[in-house]
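The structure appears right after this line, and notes come after that.
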Amino acid sequence: MVLTDTHTHLYLNDFDEDREEIMQNALEKGVERILLPNIDRTTLLQLKSMTALFSENCFPMMGLHPTSVKEDYESELALVERELKTKNYYGVGEIGIDLYRDKTFEEEQKDAFRRQLRLAKKYQLAVSIHTREAFDMTLQMVKEELNNDLNGVFHCFTGTLEDAKKIMDTGFKMGIGGIVTFKNSGLAAVVSRLPLESIVLETDAPFLTPVPFRGKRNQSAYLFYVAQKVAEVKNIPVEEVAEVTSNTAGILFFNKKKV
Ligand SMILES: [Zn+2]
Numbered sequence: 000m001v002l003t004d005t006h007t008h009l010y011l012n013d014f015d016e017d018r019e020e021i022m023q024n025a026l027e028k029g030v031e032r033i034l035l036p037n038i039d040r041t042t043l044l045q046l047k048s049m050t051a052l053f054s055e056n057c058f059p060m061m062g063l064h065p066t067s068v069k070e071d072y073e074s075e076l077a078l079v080e081r082e083l084k085t086k087n088y089y090g091v092g093e094i095g096i097d098l099y100r101d102k103t104f105e106e107e108q109k110d111a112f113r114r115q116l117r118l119a120k121k122y123q124l125a126v127s128i129h130t131r132e133a134f135d136m137t138l139q140m141v142k143e144e145l146n147n148d149l150n151g152v153f154h155c156f157t158g159t160l161e162d163a164k165k166i167m168d169t170g171f172k173m174g175i176g177g178i179v180t181f182k183n184s185g186l187a188a189v190v191s192r193l194p195l196e197s198i199v200l201e202t203d204a205p206f207l208t209p210v211p212f213r214g215k216r217n218q219s220a221y222l223f224y225v226a227q228k229v230a231e232v233k234n235i236p237v238e239e240v241a242e243v244t245s246n247t248a249g250i251l252f253f254n255k256k257k258v
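This is the structure in structure tokens:
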């Protein structure tokens, strides 16, 4: 069984003490492919050194996170494109719009998002989208930029069935993580009604730890519990969840049909 963690931040300082062990744990649970989205210029060096060290299993994405869009975002975007030109990346992320705590840079966030969607098309890469308190706006911009070269994932999907249908209409996938295991989230009921082909799995480690480890630091090995929950609510074997979601992730980020 091969699982693909399509969104995780194992390069962050949270894992400096035990990164080897974290990788070993992931491999033992079948999590063999790990996609690492960037945040901003301050995380790039860590991202690069981790993917160099674990190049068999870890694959970098390049992008500017919406909460890192500030006055200097032009130079950040220039860095994003400089990196993408090297062709060392497997996706553009994470990008999007986040108006949860701070709307100061709303216009800049929109501009950065649109321009990174265009970079994804230019370099033929899938995107990993972060959206918070801005779903309609984010979806609208995806629709405006949509063509055959644009595809990707609404990472950390927690929406309704109606939201899911709107995403599926664009051909994008939904990233399902630890929240599906939370009793009160309502997400399990939504996921039970989604086609298995419309989702991919993610941990977003070190955040959003699934049950039974909720409250502790998250890690990619725990993707297994996300897969198990999806299998349970859909009443299918966990192996099938692993195969179909890894296949979808493969088509998106690795451009090949089988893992
Ligand atoms: Zn993230």
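Residue 241 in numbering that gives the first Met the number 0 sits at position 242 of the sequence shown, and the numbers go up by one each step. Virtual Cβ for every residue (Gly too), placed ideally from N, Cα, C. It should be emphasised that the depicted structure is a prediction, and the values quoted were computed from it without experimental measurement.
Cross-strand partners of R131 (DSSP beta bridge): For the purposes of this step, residue 131 is identified with residue 132 of the sequence shown, where counting begins at 1. Within the DSSP bridge table, the entry for R131 names D97 as partners.
Terminal residues of the beta strand (DSSP E) in which K109 lies: To locate residue 109, count along the sequence shown from 1; it is residue 110. In the DSSP assignment, K109 falls outside any beta strand (DSSP E) and within the unbroken alpha helix (DSSP H) covering E105 to K121.
Length of the line joining the Cα atoms of D101 and G62: In the sequence shown, the residue the question calls residue 101 occupies position 102. In the sequence shown, the residue the question calls residue 62 occupies position 63. Straight-line Cα distance between these residues: approximately 20 Å.
Closer than 7 Å: E70 CB and nearest ligand 1 heavy atom: Against the sequence shown, residue 70 aligns to sequence position 71. Not so, every heavy atom of ligand 1 lies at least 7 Å from the Cβ.
I235 in three-state terms, based on DSSP: Residue mapping note: residue 235 aligns to position 236 of the sequence shown, counting from 1. The three-state reading of DSSP puts I235 in coil, since its state is none of H, G, I, E or B.
Touch test, the region 37-48 against the region 236-244, Cβ-Cβ under 8 Å, three pairs minimum: Contact between the region 37-48 and the region 236-244 is absent, because fewer than three Cβ pairs lie under 8 Å.
V232 to L222 span [Cα, whole Å]: Residue mapping note: residue 232 aligns to position 233 of the sequence shown, counting from 1. Residue mapping note: residue 222 aligns to position 223 of the sequence shown, counting from 1. If I take the Cα positions, the gap works out to 16 Å.
First through last residue of the alpha helix (DSSP H) which encompasses M39: For this step, residue 39 is matched to residue 40 along the sequence shown. Before going on, a small fix: residue 39 reads as Asp here, not Met. In the DSSP assignment, D39 falls outside any alpha helix (DSSP H), carrying neither H nor E.
D110 versus A77: straight-line alpha-carbon distance, rounded: Against the sequence shown, residue 110 aligns to sequence position 111. Against the sequence shown, residue 77 aligns to sequence position 78. Computed Cα separation, rounded: 13 Å.
Any non-hydrogen atom of ligand 1 within 7 Å of D148 CB: On the sequence shown, position 149 is the one that residue 148 refers to. The answer is no for D148.
Separation of A51 from Q218, as counted between CA atoms: One-based indexing of the sequence shown puts residue 218 at position 219. One-based indexing of the sequence shown puts residue 51 at position 52. For Q218 and A51, the distance between alpha carbons rounds to 19 Å.
Check: P36 C-beta below 7 Å from any heavy atom of ligand 1: Within the sequence shown, numbered from 1, the residue matching residue 36 stands at position 37. Result yes, Cβ under 7 Å from ligand 1.
Euclidean distance between Cα positions of G177 and V225: Here residue 177 is taken as the residue at index 178 of the sequence shown, counted from 1. Here residue 225 is taken as the residue at index 226 of the sequence shown, counted from 1. Computed Cα separation, rounded: 6 Å.
Segments assigned beta strand (DSSP E), at least 3 residues, entirely inside the region 140-196: Segments of the beta strand (DSSP E) lying fully in the region 140-196: 151-153 and 172-175.
The region 204-214 / the region 159-171 touching (three or more Cβ pairs under 8 Å): Counting C-beta pairs with one atom in each stretch, the region 204-214 and the region 159-171 have fewer than three that are closer than 8 Å, which means they do not touch.
Rounded C-alpha distance that separates I96 from E107: For this step, residue 96 is matched to residue 97 along the sequence shown. For this step, residue 107 is matched to residue 108 along the sequence shown. Computed Cα separation, rounded: 10 Å.
Alpha-carbon to alpha-carbon, Q227 and K182: Residue mapping note: residue 182 aligns to position 183 of the sequence shown, counting from 1. Residue mapping note: residue 227 aligns to position 228 of the sequence shown, counting from 1. Approximately 15 Å, taken between the alpha carbons.
Contact belief for G92 with S127 at Cβ below 8 Å, rounded distance in angstroms: In the sequence shown, residue 92 corresponds to position 93, counting from 1. In the sequence shown, residue 127 corresponds to position 128, counting from 1. About 3 Å; that satisfies the 8 Å criterion.
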